[in-house]
Each structure stands twice: as structure tokens, then as C-alpha cells.
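Novice: For the sequence shown, my numbering begins at 3 and goes up steadily by one.
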Amino acid sequence: MRPALCLFIFAVASQAGDHQWQTGEIVDSEIASTTITPGAVASGSTIRIIHRQVTDTNVIIRGAEYEYVAEREPSSYLQSRTGVISGILLSRDHGCRFIVGDRADYSAEGGKLYVIDADGKQCKLNIIRQAHLEPATQAQLVPQPTTSEQVAPRPTTSQQAEPKRDFDFRHVYWGMSTEEVIAAEGQPDKSDERDLIFDERDVAGHAASIVYHFRSGRLIGASVAIASRIAEKDALQVFADWKSALDGLYGKGAGDVER
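This is the structure:
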């Protein structure tokens, strides 16, 4: 039998432009701050929107300093940047999907808000409200959505449990630094400025090599490869086992590729 190597890539990164990216929380309208001080829509703009009803087609993002309410443009699809686990949807009709309570990369430029959605698409939205956060609001944790499956809150670096050899995507999150991934997963077997490589991990009962990919020091994707050369038919079965296990935990992924 011809040996084959099966590679399952669940997150693919591509050029995302020269935007100055920050990370914020996707906030539902029911848990959005009610004590924010209204601010200008954008620097240099004289437009001020003090009151506006938030609809289910709006996206609310809480950053470190500002809270933004944005809405779609007629064409919201731009380019793919990274894959993200699917979950509860906030915005339904404009081609971009967002997860309430999850972290998302965004860049505010003029009256536009560029946001990486739950499928890794870079979406261009119109800012309809930008407001300064009160100090108490800046430190406030965004409540996690209630689902039938209770998922433990994300631990801080100081709260990380001892690294486990069994691989679980809940250990890491997009946007983590290299140091945070190492704190969650342990010391890698190999590393360079772009990748951390962990050999001989268990993924759904099969030995695998895990590669975390970084750009500008932040986690943007990961790859899973069979750790040893096996027959093609066996490799295809391993791939199917992995995909079934990951889809069961996190929903169908974006950009699944078999090689």
C-alpha cells in the first residue's frame, strides 16, 4: 500500500492588509454598556449619534477604550484571514457571522470598522456609534452565552492548569501570544518565529503533530498532521475521525482541507 500523509488544516491565514488590528469582545445588545459616554463617529467627523436602536444586523464590539456599534455595507465579503470555531450568531443577514461573547480582531479607520468574523472573513462595516467606555465598563467581563454544553471560562495565564498531553482546542484561542500558548500547551518540541510544533499529541485517539501558526507574535491558525506514515485508506479514516470529533466539539470549521 502506498504510504500517505494526511494533513487537516482547520485554519488558513492569508494576507489581511495593513490595518492596525486590535482585539475586542463581540457584545450582544442586551449586555451592551448603558453607561458609555457618546463620542464622535470617527476622528475628524462632526456626526454624533446619541441614541439609536440596535438591531440584529448590527455588530457591537467592545474594545479596550471604545465600544462600537457598526452595520453592514452592501458587500461585506473581503478576504479570508483565519478560521474560527462556529457558535452563537449575532448578525444574520449580511454575510458575516459573529460569536456573541467571543474575541474578534478589528480595526477602526475613519468611519469604517474592519472585523474578522467567525469564518475568518475580513468584513467592512460602517461605524454608526463610537463611545468611550467608563473605567468600570473597561474592566467588566462580557458574560458568556448560555448553551446546553457548559464550557469552562477561558483561564488567564496565571490560572492555567498543568499542560496536558491530550490535545484540546479549548486550551488556546486565536490572538494568544506565543508565551500564552506555551503556558497552555507546554514547551514545544520545535519552534521558530512563526510556528510552535508539538510532536506525538493525541487527537481523537490518533497520534498527531500539532503546529500553531503565528503572525506578529499572535496566534492565527493551527495544523494537525498524522505523526507517522500510514496507508492511504487508514489516513483517510484518521482524517474522518478528527473532523467528526472537532465538528462535534466546536461546530463545522471553516476552510477544512485534506491533502
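Quick reminder that beta carbons are idealized off the backbone N, C-alpha and C, glycines included.
What is the rounded straight-line gap between the Cα of glycine 113 and the Cα of isoleucine 129?
Specialist: Within the sequence shown, numbered from 1, the residue matching residue 113 stands at position 111. Within the sequence shown, numbered from 1, the residue matching residue 129 stands at position 127. About 5 Å.
Novice: What's the gap between the Cα of isoleucine 184 and the Cα of alanine 210?
Specialist: For this step, residue 184 is matched to residue 182 along the sequence shown. For this step, residue 210 is matched to residue 208 along the sequence shown. When rounded, the distance between both Cα atoms is 18 Å.
Novice: State yes or no: is the C-beta of alanine 106 within less than 9 Å of the C-beta of isoleucine 118?
Specialist: Here the question's residue 106 lines up with position 104 in the sequence shown. Here the question's residue 118 lines up with position 116 in the sequence shown. Yes, the pair counts as a contact, with Cβ atoms nearer than the cut-off.
Novice: Between the beta-carbon of valine 174 and the beta-carbon of histidine 208, is there less than 9 Å?
Specialist: As a working note, residue 174 is residue 172 in the sequence shown. As a working note, residue 208 is residue 206 in the sequence shown. No, the pair does not count as a contact, with Cβ atoms beyond the cut-off.
Novice: Could you give the C-beta distance for valine 102 and arginine 64, rounded to a whole number, given that I count them as a contact under 8 Å?
Specialist: Working through the sequence shown from its first residue, we reach residue 102 at position 100. Working through the sequence shown from its first residue, we reach residue 64 at position 62. Taking the Cβ atoms as the reference, valine 102 lies roughly 12 Å from arginine 64, outside the contact range of under 8 Å.
Novice: Compute the Euclidean distance between the alpha carbons of alanine 72 and leucine 238, then round it to the nearest angstrom.
Specialist: Mapped onto the sequence shown, residue 72 falls at position 70. Mapped onto the sequence shown, residue 238 falls at position 236. Each residue's Cα considered, the two are about 43 Å apart.
Novice: For the alpha helix (DSSP H) containing alanine 120, list its first residue and its last residue.
Specialist: To locate residue 120, count along the sequence shown from 1; it is residue 118. Taken as a continuous stretch (DSSP letters only), alanine 120 belongs to no alpha helix (DSSP H), as it is neither H nor E.
Novice: How many Å lie between histidine 96 and cysteine 125 at the Cα?
Specialist: In the sequence shown, residue 96 corresponds to position 94, counting from 1. In the sequence shown, residue 125 corresponds to position 123, counting from 1. Residue confidence is low: histidine 96 scores 47 on pLDDT, short of 50, so the model does not pin down where it sits. Its coordinate-derived value is still stated next. Whole-angstrom Cα-Cα distance: 10 Å.
Novice: With DSSP collapsed to three states, give me the class of glutamate 67.
Specialist: Counting from 1 along the sequence shown, the entry for residue 67 is found at position 65. If DSSP states are grouped into helix, strand and coil, glutamate 67 belongs with coil.
Novice: Let me know if serine 288 comes out buried or exposed under the rule of 16 or more other beta-carbons within 10 Å of its beta-carbon.
Specialist: The question about residue 288 has no answer here: the residues shown for the chain are numbered 3 through 261.
Novice: Is phenylalanine 100 helix, strand or coil by DSSP?
Specialist: The sequence position of residue 100 within the sequence shown is 98, counting from 1. In the structure shown, the three-state DSSP call for phenylalanine 100 is coil.
Novice: By DSSP, does threonine 39 sit in helix, in strand, or in coil?
Specialist: Stepping through the sequence shown from its first residue, residue 39 is reached at position 37. Note that threonine 39 scores 38 on pLDDT, short of 50, meaning its location in the model is unreliable; the coordinates nonetheless yield the value given after this. Here threonine 39 sits in strand by DSSP.
Novice: What does glycine 26 pair with, by DSSP beta-bridge criteria?
Specialist: On the sequence shown, residue 26 is found 24 positions in, with the first residue counted as 1. Answer is Ala106, bridged to glycine 26.
Novice: Between which two residues does the beta strand (DSSP E) harbouring glutamate 202 extend?
Specialist: Mapped onto the sequence shown, residue 202 falls at position 200. Its beta strand (DSSP E) spans residues 197–205.
Novice: So the alpha helix (DSSP H) valine 264 belongs to, where does it begin and stop?
Specialist: There is simply no residue 264 to check, as the chain begins at 3 and stops at 261 in what is shown.
Novice: With DSSP as the reference, label leucine 238 as helix, strand or coil.
Specialist: Numbered from 1 along the sequence shown, position 236 holds the residue referred to as residue 238. The answer is helix: DSSP assigns leucine 238 an H, G or I state.
Novice: By alpha-carbon positions, which one of Arg203, Ile228, Thr180 and Trp23 ends up nearest to glutamate 111?
Specialist: Counted from its first residue, the sequence shown places residue 111 at position 109. Minimum Cα distance to glutamate 111 is reached at Trp23.
Novice: Name, in chain order, the residues that DSSP records as bridge partners for alanine 247.
Specialist: What you label residue 247 is simply residue 245 of the sequence shown in a count that begins at 1. DSSP output for alanine 247 lists no bridge partner at all.
Novice: Using the Cβ count rule (16 or more neighbours within 10 Å means buried), how would you classify serine 150?
Specialist: On the sequence shown, position 148 is the one that residue 150 refers to. Since pLDDT at serine 150 reaches only 46, below the 50 mark, its modelled position is unreliable, and no value is offered.
Novice: Measure from the alpha carbon of serine 109 to the alpha carbon of each residue in Val205, Ile199 and Gly26, then state which is nearest.
Specialist: In the sequence shown, counting from the first residue as 1, residue 109 sits at position 107. Here the closest residue by C-alpha is Gly26.
Novice: Just the C-alpha distance for alanine 206 and tryptophan 176, rounded to the nearest angstrom, thanks.
Specialist: The count along the sequence shown starts at 1 and reaches residue 206 at position 204. The count along the sequence shown starts at 1 and reaches residue 176 at position 174. Taking the straight line from one Cα to the other gives about 21 Å.
Novice: Looking only at C-alpha atoms, which of Leu127, Asp191 and Tyr68 sits nearest to leucine 135?
Specialist: Here residue 135 is taken as the residue at index 133 of the sequence shown, counted from 1. Per the C-alpha coordinates, the member of Leu127, Asp191 and Tyr68 positioned closest to leucine 135 is Tyr68.
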